[in-house]
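Residue numbers (the working numbering): 261 to 527. The next block holds one structure in the form of structure tokens; read it before the comments.
In structure tokens form, the structure reads like this:
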């Protein structure tokens with residue numbers, strides 16, 4: 261049969277990316293306690309398409325993925341990217357793996373445990389400029405407005421928000437990124453807000469969380485600076501970006517802040 265995708269193209273336009281998106285796929289992750297966690301990821305893979313190729317071979321992306329174990333660690337994505345480049349005769353390749361990550365979290369007073377989900381993404385790129393890997397974690401938090409508390413006789417407005425932390429880390433002698441645990445970034449984000457968010461709270465827990473937030477008021481800007489301050493002293497990190505966004509309870513808009521940092525000589 262004719263391979264139309266492999267036929268020449270005469271428009272002389274190289275595409276930055278061609279590939280697949282939103283492939284739902286089971287993956288296994290190693291957590292900080294060396295336990296394995298199974299979840300379902302949304303995976304995107306692409307390669308640069310040279311100007312002389314009409315199309316890429318979409319089926320080969322899934323074939324390459326299926327040829328690897330479903331266990332994802334620092335070596336998995338670089339290995340898949342290398343195989344994509346070789347299989348599809350490409351100069352560069354990209355891959356993102358987005359998934360919900362679950363932790364058991366106990367209510368602060370009663371100790372009732374329930375699962376909390378955190379949205380995470382592994383992003384990898386391989387090309388002539390080198391290798392790149394970014395870990396991203398989005399953490400739901402609660403914040404109480406310092407201004408509202410200062411001026412109000414009764415309480416203060418508070419809201420749920422999200423802190424997103426993206427990091428690049430040093431690589432070892434084999435080019436594998438040094439591990440930064442997802443749990444570490446979650447803890448940093450939660451400790452930088454007015455209060456963590458929980459799946460289950462009974463009345464004593466709700467009282468505790470409400471008073472904790474009241475005692476720790478923060479603007480969205482404070483949360484970003486609090487996170488940044490903790491990340492800047494982590495010698496493993498070469499780059500990070502922190503964003504925070506609050507779903508304002510008394511406004512019809514969200515509040516937002518962002519900070520990006522790169523270590524001298526980092527990526």
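Backbone N, C-alpha and C define an ideal beta-carbon position, used for all residues, glycine too. Here the structure is a predicted model, which means the values were calculated and not measured.
Put simply, the backbone Cα of residue 347 is about 17 Å away from that of residue 275. Counting along the chain, the unbroken beta strand (DSSP E) around residue 297 starts and ends at 296-309. Sorting 308, 352, 314, 292 by C-alpha distance to the C-alpha of residue 271 places 314 at the top.
Within the same chain, 268 come within 6 Å of residue 312 by CB-CB distance, once the 5 residues on both sides are set aside. One thing to note: residue 425 has its Cβ no nearer than 8 Å to the Cβ of residue 357. Counting only the Cα atoms, residue 475 lies some 18 Å from residue 421. For residue 508, the three-state secondary structure derived from DSSP is coil.
About 7 Å separates the Cβ atoms of residue 443 and residue 291, confirming a contact at the 8 Å cut-off. In terms of Cβ geometry, residue 404 and residue 456 do not form a close pair [threshold 8 Å]. Non-local C-beta neighbours of residue 296 in its own chain, meaning closer than 8 Å and more than five positions away in sequence, comprise 288, 289, 290, 331, ordered along the chain.
Nearest Cα to residue 519 within the set 495, 491, 510: 491.
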